Amino acid sequence: MSFMKMKKLALCAMVWCLGLASSFAVSDGEIHARAAVLMDAQTGEVLYSKNGDEKLYPGGTTMIMTALLGAEAGDTVLDGAVHFSDDVTKLDRDVAVLGISADHPVTLRNALTAMMTYTGCDAALDTAVTVAPSVADFVHMMNDKAVAIGATNTHFTNPHGLPDANHVSTAKDLAKIAVYAMQNQTFKSFTGRTSFVMPYTNGGSQEVFSMNEFLNSGYKGANGIKTGATDYGGATLVASATRGDKTYVVSILNSDNRSGDAKLLMDFAFAETTAIDAVSKEDGKSAVAEKKENKTTPEEDAEAYTLRDAPEGQTLTGIAAQHISK
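Numbers -27 to -1, 1 to 299, taken from mature numbering (1 follows the signal peptide of the UniProt record, and there is no 0), label the letters of the sequence shown in order.
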């Protein structure tokens, strides 16, 4: 069989597989969240968006940025004692805290790990005054970092995510922040735990447990980055999952089924990946072997990996759909 015929067969196989993947689609009606985004962590491509740019209250997912800045402070700060913020005494009684105090001191590293596993508004405030001169200075750092990451529709007013009319983000921005943060191995070490024993530097410890249903569900490859509750319409979640060499991030805002939303979007992402990988591993390998035998020209080599010239923004799934409809 000639190499050119092999290419045509590979194209047909790819279109067929992509057609199967596209049959597993996600509609906005299936997603409970007010806003949701699915993002490829390697490329930053948005694979699904529902109200992705709408400014909403991020809740406890704010702590992703808090933990990121803590991670970037370096090992000397992380392994030193947490400083205590006076603002902790102003928190409402029903706010989730870790109980960090002079009687129960911890390192910043352990405080952040516990905060990302469970929550802890006191840990967020204490992180602020450990990394920066004041909470206000730390919030300024948070906003500067958001701009640097490209989260331009985000504005933070505090490090914990408690309600404030001016404290807003979007599903897309939170996904961007998470993708950026998960590239930091120190930040990544704070996440993905169903429980954590936080040791006190003066002896003793406290065990905390994750409230992240997506992580606790045992979803294959899951890393539940952060959850949060809101007073403005539902729960929030930012999570990632990795299988093989592919990692995806989901950002869910204001949902009464955040874990279900995350699972549905992740299933969609990995279904697409599986179909494309099947073509790459089988037809792609055959084409490479055929090329070596036929000693193709550089021009043919380049063409072999081009599905077709597509308009900007058109996806492989969309191309497959066009072929199938003809």
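Just so it is clear, CB atoms sit at the ideal spot from N, CA and C, and this is done for glycine as well.
Bear in mind that the values here come from a model prediction, so they are computed numbers and not experimental data.
Buried or exposed (CB count within 10 angstroms, at least 16 for buried), P136:
Numbered from its first residue, the sequence shown carries residue 136 at position 163. Exposed, because fewer than 16 other Cβ atoms sit within 10 Å of the Cβ of P136.
In whole angstroms, what separates the C-alpha of Y173 from that of T34?
Taking the first residue of the sequence shown as 1, we reach residue 173 at position 200. Taking the first residue of the sequence shown as 1, we reach residue 34 at position 61. Here the alpha carbons of T34 and Y173 stand approximately 25 Å from one another.
In terms of residues, what are the limits of the alpha helix (DSSP H) holding S162?
Locating residue 162 in the sequence shown gives position 189, counting from the first residue. Where S162 is concerned, the enclosing alpha helix (DSSP H) starts and stops at Q158 to S162.
Please go through the same chain and pick out, in chain order, the residues whose beta-carbon is closer than 7 Å to the beta-carbon of K199, but skip the five residues on each side of it.
Counting from one through the sequence shown, the residue named residue 199 turns up at place 226. Excluding the 5 residues flanking it on each side, K199 has same chain C-beta neighbours closer than 7 Å at G33, T34, M36, I37, M89 and V211, in chain order.
Within 8 Å, strictly: CB atoms of S183 and T159
Locating residue 183 in the sequence shown gives position 210, where the first residue counts as 1. Locating residue 159 in the sequence shown gives position 186, where the first residue counts as 1. Result no, Cβ atoms of S183 and T159 do not sit closer than 8 Å.
Where does F129 sit, in a helix, a strand or coil, going by DSSP?
Translated into the one-based positions of the sequence shown, residue 129 becomes position 156. The DSSP-derived three-state label of F129 is coil.
Quick check on the DSSP output: the alpha helix (DSSP H) that includes N227 runs from which residue to which?
As a first step, residue 227 is located in the sequence shown; it is residue number 254 there, counting from the start. Careful: N227 lies outside any alpha helix (DSSP H), inside the beta strand (DSSP E) at K219 to S228.
Three-state secondary structure assigned by DSSP to L98
In the sequence shown, the residue the question calls residue 98 occupies position 125. Annotated three-state conformation of L98 is helix, per DSSP.
Nearest neighbour of L226, chosen from F241, G207, G233 and F243 [CA to CA]
The residue you call residue 226 lines up with position 253 of the sequence shown. Distance check between L226 and each of F241, G207, G233 and F243 places G207 closest, using alpha-carbon atoms only.
Considering D48, what are the terminal residues of the alpha helix (DSSP H) in which it resides?
In the sequence shown, the residue the question calls residue 48 occupies position 75. Element bounds for D48: D48 to L51.
Taking L85 as part of the alpha helix (DSSP H), name the residues at either end of that continuous run.
What you label residue 85 is simply residue 112 of the sequence shown in a count that begins at 1. Start and end: L81 to T90.
Status (buried if at least 16 other CB within 10 Å, exposed otherwise) for V261:
As a first step, residue 261 is located in the sequence shown; it is residue number 288 there, counting from the start. Note on V261: pLDDT 32, under 50, position unreliable in the model; the coordinate value appears next. If you draw a 10 Å sphere on the C-beta of V261, you find fewer than 16 other C-beta atoms in it, and that means exposed.
Determine the DSSP secondary structure at M171, reduced to helix, strand or coil.
Reading the sequence shown from its first residue, position 198 is the one you call residue 171. Strand, per DSSP.
Check whether A144 and A9 have beta carbons under 8 Å apart
Taking the sequence shown and counting its residues from 1, one reaches residue 144 at position 171. Taking the sequence shown and counting its residues from 1, one reaches residue 9 at position 36. By the CB criterion at 8 Å, A144 and A9 fall inside the cutoff.
Taking DSSP's pairing of strands, which residues face Q179 in a bridge?
Residue 179 sits at position 206 when you count from the first residue of the sequence shown. DSSP links Q179 through a beta bridge to M171.
Residue span of the alpha helix (DSSP H) that contains V19, given as start and end
Counting from 1 along the sequence shown, the entry for residue 19 is found at position 46. Element bounds for V19: not the alpha helix (DSSP H) but the beta strand (DSSP E), V19 to K23.
If you follow the beta strand (DSSP E) that L210 is in, where does it begin and where does it stop?
By 1-based counting over the sequence shown, the position of residue 210 is 237. A208 to R216 is the span of the beta strand (DSSP E), which, as asked, contains L210.
How many Å lie between T130 and L29 at the Cα?
Mapped onto the sequence shown, residue 130 falls at position 157. Mapped onto the sequence shown, residue 29 falls at position 56. Distance between the alpha carbons of T130 and L29: 14 Å.
Would you mind giving the Cβ-Cβ distance between S217 and N196, rounded to the nearest angstrom? I have them listed as a contact below 8 Å.
In the sequence shown, residue 217 corresponds to position 244, counting from 1. In the sequence shown, residue 196 corresponds to position 223, counting from 1. Here residue 217 turns out to be Gly, not Ser, going by the sequence shown. With 8 Å as the limit, G217 and N196 do not qualify as a contact, their Cβ atoms being about 15 Å apart.
For V170, tell me which candidate among S162, F163 and Q179 has the shortest Cα-Cα distance.
Here residue 170 refers to the residue found at position 197 when the sequence shown is read from its first residue. With distances taken between Cα atoms, V170 lies closest to Q179.
Assigned secondary structure, G201 (DSSP; H/G/I helix, E/B strand, else coil):
Along the sequence shown, read from residue 1 onward, the residue named residue 201 stands at position 228. Three-state DSSP puts G201 in a strand.
Are the beta-carbon atoms belonging to T100 and L81 less than 8 Å from one another?
As a position in the sequence shown, residue 100 is number 127, starting the count at 1. As a position in the sequence shown, residue 81 is number 108, starting the count at 1. It is a contact, given that the beta carbons lie within the stated cut-off.
Let me know if T103 comes out buried or exposed under the rule of 16 or more other beta-carbons within 10 Å of its beta-carbon.
As a working mapping, residue 103 is identified with position 130 in the sequence shown. Buried, since its Cβ has 16 or more Cβ neighbours within 10 Å.
CA-CA distance, H5 and L11?
Position 32 of the sequence shown, counted from the first residue, corresponds to residue 5. Position 38 of the sequence shown, counted from the first residue, corresponds to residue 11. Taking the straight line joining both Cα atoms gives about 14 Å.
Per-residue DSSP class, three states only, for V70:
For this step, residue 70 is matched to residue 97 along the sequence shown. V70 carries a coil assignment under DSSP once its states are collapsed to helix, strand and coil.
If I'm right that V152 touches G17 with Cβ under 8 Å, what's the distance once you round it to whole angstroms?
Indexing the sequence shown from 1 puts residue 152 at position 179. Indexing the sequence shown from 1 puts residue 17 at position 44. So it is a contact: roughly 6 Å between Cβ atoms.
Residue nearest to F243 in terms of C-alpha spacing, selected from A14, H113 and A69
Translated into positions along the sequence shown, residue 243 becomes position 270. Answer by Cα proximity: A14.
If you drop the 5 nearest sequence neighbours on each side, which residues of the same chain put their C-beta closer than 7 Å to that of V(-2)?
Within the sequence shown, the letter at position 26 stands for residue -2. Correct list, in chain order: Y21, L237, L238 and F241.
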